[in-house]
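S.K.: Protein chains in written order, with the working numbering: chain A, 661 to 997; chain B, 1303 to 1654; chain C, 29 to 525. Below is the structure I would like to discuss, written out as structure tokens.
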């Protein structure tokens, strides 16, 4: 009897973030019943889509005891490069006035490749040269901001947002596909596919298991035959490739890019991971948790705007949720001791 | 082995140094130095003035516009460096207006070097009058273009009766404000509303919140509001174009405005800054208008004042401008309304 | 009237959700005695001590210190009442010098400043008194574990402790260092200090204890003066059944030579020119003092440590084993010494810990298959007798012995030919040790070969076929375990010092 009670309590603790999400949604609905509509939930999912991709990437890095502060700037660089190559030919202020209109896939692959190399550099600094991850990625962050600003802020139009993005991309990021009676935004579908791929990668492949192993105990992983250096470098590179994908989607969603695009996304991503149960010291975390973590923040953003709570309060609510999540997490482990 | 590595690294460092060095000192060496700084390259208009200063300085000053990166201490370091290099004048858009006395002190200590504050106005008259060699260049009035923005809406209301969708004689308005820490934020929000009300149009404010000048944030706020109010919204007024473009993306995703003014459902959106991208949208009718802050002219005036003072002339010698009579020692460069009729005018300022 | 006991813990009961960790336990410690506390892992020794120091609250029972009922709010509070603990894992600020560690939190002051002179003298006085040959000004990190432990004891003395709890103090000490420690304990006892001594090592207990309390499954079993005890009796009380032999019998014979190590040297000066052969189905022990280079030999063979020179020939073929991955491919497996540090993934499941070294075989259509994994893990758990509520349980929640079995299981799944075991039974209770020996016997019976490093002489005699001795980085002899004496091994260990 006592045992089942404690296991219910334990289950509650394990799934606490789902409860938090549910409570938030119910609270918003109680205050503003109009919130309960398919459009709103679609909007929330669509707004979460790129963030989920980013948070999963950042989460992978956290999982292997890393930390990536260059997330936002990497997205910024990928955004300005891809945006500059994706302007419609009729737009008056093109960065490359004579460039033919490219299929979306070309700039996408290009920025994925560029980011892969940059991510690999971060990974090598961390795994091979043993630079602490915060320092390595902080340095990367600064370099990337410089590079994207140089690329972005130049003649003839100077530091103007790169607009006039081709409708081939914006349509994909704004429009929906009709499945049965409901319209589902493409963005949600893309994010869902990436989530599924990530889930398989984390749970069903050697790479994923090794990620958990390295995060759990790098020395034990080494002794167990895991090529720690290789996996770490791959994680940073893969994360960077995902940032590139997210950046292109972000360009399509917003319809423009500048050197400030992506600024501060690393903190949003890390916060979502932490709320989603990823351990800052690595080795613990799940794809589902991260997705929920992101959704919690979007619901706060969107829901509180919907009921007209001003922005400052939203910051306070977010801060409280982060601390609350970590306290619950600590309790989970303290209990076992 | 080690020696080889060291020497090759040294070579590389030298090479990099040479490249950067030559890039930085590209302009002719004997021109006087103008120390110029913007508060952040993330502010479009601010950095645009920076560009204009660079352009106007050609053949007059050697100039390198520093980016204050939203950090006052960074900016103060940059000013120290400029003064140490022997700048004959300082033109700066301060990160934090309250630190103006520190900058003045630095200029005074460096030998009464003139200082020109631009974009963000120093409103404390005691500070302004504490230093003779202090001048300011800003846009007209304390409304930061918002009165003009209000006028665009008033004109639109008068010319398009269908703007009052529900026919109640009131304007159902959504107001996206800028970063509250920015001087222009509050005045813009106030003046646009007061201009509309002064014209006899009653406002029903549906939502009012800050979008932090940011496209993404504005879009996400608008997602929620469009879902909540839909076609009840009669106007969206944004404190800058970046937010106007974000709001427009959201509105268009919900099926409004896609065909310009011919759209079945239309929500009028207005911004400020007349960014190139906004001009396109104004031309196509997706936005009803924006306000041009004349960066080119401001840059020219700043450089001209600096040059006059350097040559010992009156500050406004040879210029068509007067100082404002309010004791702010400020030159006011006027804003202008940009709508579908005069897009070309704004586009001209971006032409080479 | 002064009681005979300095400390009494009466009828202590402590319950955690679902588990009764302590059930009516009583511990009475006389003035100026060494009182050993024994029991298998999980018997409740640590919990009892945590209750003493106020880390856990009591459900019922009372603690009497020198006739007065006490209830400490925590270790610091206990210190003020002159009760202190020397931990298994030493909590010291390694970057500061020794005297600062001793006086941390109560530096002698001269006005506003720390009085370093007084601090030095006070520390020196205690060190001299206890005959600890360490300079109080040395950096703590530069000391060896044994010396740091003595510093901890000195710290306890500096608080004028009446009761000092020592938790497994000898687990990482060499024989000489253990002698020194016992010497210090003797001096403390003469000064009237009482020691609660927690250890698994039977020989030590019987040597230095005055009284022995045995616990089992959270219950008090017996408290007896040492004179009435033998190691068989203690073991019997601990495990609750009669364990006839501490080492299981084995009747397999080793076969032909399958591994040859010739002139093996490490890249660092850890060891030089080591030569030995290993036969099929043999258990080869490596003995020597801490720092003799034993662990380093195993690590070099497994590719964790860089090889300087020499060859390893396995089945007539030279193998390089430059990385652990390569060594695994060549049929080697290694159980490392520091289980917590580089053995287990504490926050991950038993199942995960079991399969991590051998993921390739669970693939189906290129992806890992849960059904295959679960089946294999279940089989392994049964084969090696791991006691766990479920394969999904976190390994960190298991006892040390069970953790060690899981790691051994991990390596068995890779189906190695040669197992390198570094201190496989350290910190494990008697019952689990026996099971690990049994497992080793089964493995050699299957024709696998084992090299085992151990600091416990009886263990080497009990389970090995031959014992190789290392001394200060050199090979100093190899003996048949049936014929060699403890003295000969000690002699060989000291050969190159």
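Ideal placement from N, C-alpha and C gives every residue a C-beta, glycine not left out.
(1) Measure from the C-beta of residue 1468 of chain B to each C-beta in chain A and report whether the shortest distance is under 8 Å.
(2) Measuring only the C-alpha atoms, how far is residue 1659 of chain B from residue 1447 of chain B?
(3) Could you tell me which whole beta strand (DSSP E) segments of length 3 or greater appear in the stretch 126–200 of chain C?
(4) Which whole-angstrom value is the C-beta distance of residue 1370 of chain B and residue 1341 of chain B, which I expect to be below 8 Å?
(5) Going along the stretch 973–986 of chain A in order, which residues come within less than 8 Å of chain C, judged by CB to CB distance?
(6) Short of 8 Å in beta carbon distance, which residues of its chain neighbour residue 123 of chain C, apart from the five on each side in sequence? Order them along the chain.
(7) Does the stretch 37–54 of chain C come within contact of the stretch 235–248 of chain C, defined as at least 3 CB pairs closer than 8 Å?
(8) Would you mind working out which of B:1481, B:1503 and B:1458 sits nearest residue 1472 of chain B, comparing C-alpha positions?
(9) Grab the span of the beta strand (DSSP E) containing residue 312 of chain C for me, first residue to last.
(10) Looking at the structure shown, is residue 492 of chain C part of a helix, part of a strand, or coil, going by DSSP?
(11) Can you name the start and end residues of the beta strand (DSSP E) that residue 845 of chain A belongs to?
(12) For residue 1578 of chain B and chain A, any beta-carbon pair shorter than 8 Å?
(13) Can you give me the start and stop residues for the alpha helix (DSSP H) that residue 1515 of chain B sits inside?
(14) Round the Cβ separation of residue 932 of chain A and residue 950 of chain A to the nearest angstrom and send it over; I've been treating them as touching at under 8 Å.
(15) State yes or no: is the C-beta of residue 961 of chain A within less than 8 Å of the C-beta of residue 1511 of chain B?
(16) Can you find a CB in chain A that lies within less than 8 Å of the CB of residue 1517 of chain B?
(17) Taking Cβ positions, are residue 1611 of chain B and residue 1416 of chain B nearer each other than 8 Å?
(18) Under 8 Å, with one C-beta from each stretch per pair, do the stretch 1493–1502 of chain B and the stretch 1514–1534 of chain B reach the 3-pair mark?
(19) From residue 1339 of chain B to residue 1393 of chain B, what does the alpha carbon distance come to, in whole angstroms?
(20) Would a C-beta distance cut-off of 8 Å place residue 1437 of chain B and residue 1406 of chain B closer than the cut-off?
(21) Under a Cβ-count criterion, where at least 16 other Cβ atoms within 10 Å of its own Cβ denotes burial, should residue 13 of chain C be classed as buried or exposed?
(22) List the DSSP bridge partners of residue 1625 of chain B.
(23) Does the distance from the CB of residue 1541 of chain B to the CB of residue 1491 of chain B come in under 8 Å?
(24) With a 10 Å radius around its C-beta and 16 neighbouring C-beta atoms as the bar for buried, classify residue 219 of chain C as buried or exposed.
(25) Kindly indicate which three-state DSSP category residue 54 of chain C falls into: helix, strand or coil?
(26) Give the residues of chain B in contact with residue 1086 of chain A, contact being defined as C-beta atoms less than 7 Å apart.
(27) May I have a chain-ordered list of the alpha helix (DSSP H) segments no shorter than 4 residues that lie completely inside the stretch 399–486 of chain C?
(28) Closer than 8 Å, CB to CB, is residue 385 of chain C near chain A or not?
(29) What would DSSP say about residue 1595 of chain B, mapped onto helix, strand or coil?
(30) Counting only Cβ-Cβ distances shorter than 9 Å, please list the residues of the stretch 863–876 of chain A near chain C, keeping chain order.
(31) What do you reckon, are the CB atoms on residue 742 of chain A and residue 801 of chain A nearer than 8 Å?
(32) For residue 792 of chain A, count neighbouring Cβ atoms within 10 angstroms of its own Cβ and tell me buried if that reaches 16, exposed if not.
(33) Within the 8 Å Cβ cut-off, does residue 879 of chain A reach chain C?
(34) Please state whether the Cβ-Cβ distance between residue 464 of chain C and residue 471 of chain C is less than 8 Å.
(35) For residue 1602 of chain B, does the count of other Cβ atoms within 10 angstroms reach 16, so buried, or fall short, so exposed?
(36) Should residue 690 of chain A be labelled buried (16 or more other beta-carbon atoms within 10 Å of its own) or exposed?
M.R.: According to the structure shown:
(1) Answer no: the Cβ-Cβ gap between residue 1468 of chain B and chain A never drops below 8 Å.
(2) Nothing can be reported for residue 1659 of chain B, as the shown portion of chain B is limited to 1303 through 1654.
(3) With a minimum length of 3 residues, the continuous beta strand (DSSP E) runs that stay inside the stretch 126–200 of chain C are 191–195.
(4) At roughly 5 Å, the Cβ-Cβ gap stays under 8 Å, so residue 1370 of chain B and residue 1341 of chain B are in contact.
(5) Listed by position along the chain: nothing, the set is empty.
(6) Hits under 8 Å: 167, 168 and 169.
(7) The answer is yes - the stretch 235–248 of chain C touches the stretch 37–54 of chain C, with three or more Cβ pairs under 8 Å.
(8) Comparing Cα-Cα distances from residue 1472 of chain B to each of B:1481, B:1503 and B:1458, the minimum goes to B:1503.
(9) Per DSSP, residue 312 of chain C belongs to the beta strand (DSSP E) from 311–315.
(10) Assigned with DSSP and collapsed to three states, residue 492 of chain C falls in coil, not helix or strand.
(11) Annotation for residue 845 of chain A: the continuous beta strand (DSSP E) segment containing it runs 842–845.
(12) Answer yes: the Cβ-Cβ gap between residue 1578 of chain B and chain A drops below 8 Å somewhere.
(13) In this chain, residue 1515 of chain B is not harboured by any alpha helix (DSSP H), its DSSP state being neither H nor E.
(14) Distance from residue 932 of chain A to residue 950 of chain A at the Cβ level is roughly 6 Å; contact confirmed, criterion being Cβ atoms closer than 8 Å.
(15) For the 8 Å CB-CB criterion, residue 961 of chain A and residue 1511 of chain B do not form a contact.
(16) It does; some Cβ of chain A falls within 8 Å.
(17) Cβ distance < 8 Å, so residue 1611 of chain B and residue 1416 of chain B count as in contact.
(18) No, the stretch 1493–1502 of chain B does not touch the stretch 1514–1534 of chain B.
(19) Those two C-alpha atoms are separated by around 6 Å.
(20) Residue 1406 of chain B is positioned such that its CB atom lies no closer than 8 Å to that of residue 1437 of chain B.
(21) Outside the displayed range of chain C (29 to 525) lies residue 13 of chain C, so it cannot be described from this structure.
(22) B:1633.
(23) Going by C-beta atoms, residue 1541 of chain B is nearer than 8 Å to residue 1491 of chain B.
(24) Residue 219 of chain C should be labelled exposed.
(25) Annotated three-state conformation of residue 54 of chain C is strand, per DSSP.
(26) Residue numbering for chain A in the displayed model covers 661 to 997; residue 1086 of chain A lies beyond these limits and cannot be assessed.
(27) Within the stretch 399–486 of chain C, the complete alpha helix (DSSP H) runs of at least 4 residues fall at 428–441 and 458–473.
(28) Put simply, the CB of residue 385 of chain C is near chain A, with a gap under 8 Å to one of its CB atoms.
(29) Looking at residue 1595 of chain B - three-state DSSP - the assignment turns out to be strand.
(30) So the close ones are 863, 864, 865, 866, 868, 869, 870, 872, 873, 875 and 876.
(31) Contact: no.
(32) Counting other Cβ atoms within 10 Å of its Cβ, residue 792 of chain A stays below 16 and is therefore classed as exposed.
(33) By this cut-off, residue 879 of chain A is an interface position.
(34) Contact: no.
(35) Classification for residue 1602 of chain B: buried.
(36) Around the beta carbon of residue 690 of chain A, fewer than 16 other beta carbons sit within 10 angstroms, so the residue counts as exposed.
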